[in-house]
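For reference, the structure is listed below as structure tokens.
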Amino acid sequence: MKHLLSHRQQRFVDRYLIHLDSTRAAQEAGYRAGSARNQAHRMMKNDDIRNAIDTAIEARSERTQITQDRVLKELAVIAFARISDFADWTDQELTIKRSDEISPELTSAIKSLIIQADRQSSRKSIALHDKLQCLELLGRHLGMFNGGSSNSQESRPELLQRLSDYFKKKSGAPDAANSK
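Set out below in structure tokens:
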């Protein structure tokens, strides 16, 4: 049976949805700093409050079209992008690929692109978003860093390969090891 939330409970839900911090939401809903943590814990166990939070998150996801799958795909693009997807270089020259040579999905991995030229010199640089941070987020999502896991001893190259294999399998891309 669904119950209406009190004004304070609704304020807690509204504030929780902003920053996903239950103690802070309890304080902002009017609970004293000293009791906010206990009140937050109690409210997060309340079925009506949990349902209100879940319903609001679901509605926001529908409105914004931001889903867990979409976020994971974006993280995977950044995690597995290579600088060679965007530029070619030699000892003497850096050539940044034209935008029509790069898939729109891959462009989300670009953090910055700078092309400056004057009469005497030119400067080109391209920077990608933090690959290791994205790998860590993906690894955490996949449960790869849980305490007793044997995976915790993996080196970064092994982790990168395992994550790459996982997302290739998910996307239906052919496995490089099996295509030889």
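Residues in the sequence shown are numbered from 364 upward in steps of one, following this note's numbering.
In this text, a Cβ means the ideal position worked out from N, Cα and C, and glycines have one as well.
Values in this document were obtained by computation on a predicted structure and should not be read as measured data.
Handout entry: CA-to-CA distance, L380 to R423, given in whole angstroms
Key = 10 Å
Handout entry: Cβ contact (3+ pairs, closer than 8 Å) linking the segment 447–463 and the segment 482–499
Key = These segments touch.
Practice task
Kindly list the residues whose CB is nearer than 6 Å to the CB of M406, restricted to its own chain and excluding five residues on each side of it in sequence; keep chain order.
Solution key: F375 and I412
Exercise for the section: Could you spell out where the alpha helix (DSSP H) holding K436 opens and where it closes? Expected result: Q431 to F443
Exercise for the section: Taking H404 as the reference, give the member of D417, D384, A419 and I420 with the closest Cα. Expected result: Checked all of D417, D384, A419 and I420; the closest Cα to H404 is D384.
Exercise for the section: Report the option in I477, I465 and A472 whose CA atom is closest to the CA atom of C497. Expected result: Closest by alpha carbon: A472.
Exercise for the section: Go through its chain and collect everything with a Cβ distance to W452's Cβ below 8 Å, but skip five positions before and after it. Expected result: T458
Practice task
Could you check what DSSP says for T458 in three-state terms: helix, strand or coil?
Solution key: strand
Problem - F449 to Q390 span [Cα, whole Å] - result: 47 Å
Exercise for the section: Could you please give the first and the last residue of the uninterrupted alpha helix (DSSP H) stretch that includes Q373? Expected result: Judged by DSSP secondary structure, Q373 falls within the alpha helix (DSSP H) whose first and last residues are H370 to H382.
Handout entry: Where the alpha helix (DSSP H) through A472 begins and ends
Key = Neither: A472 is in no alpha helix (DSSP H) and is coded neither H nor E.
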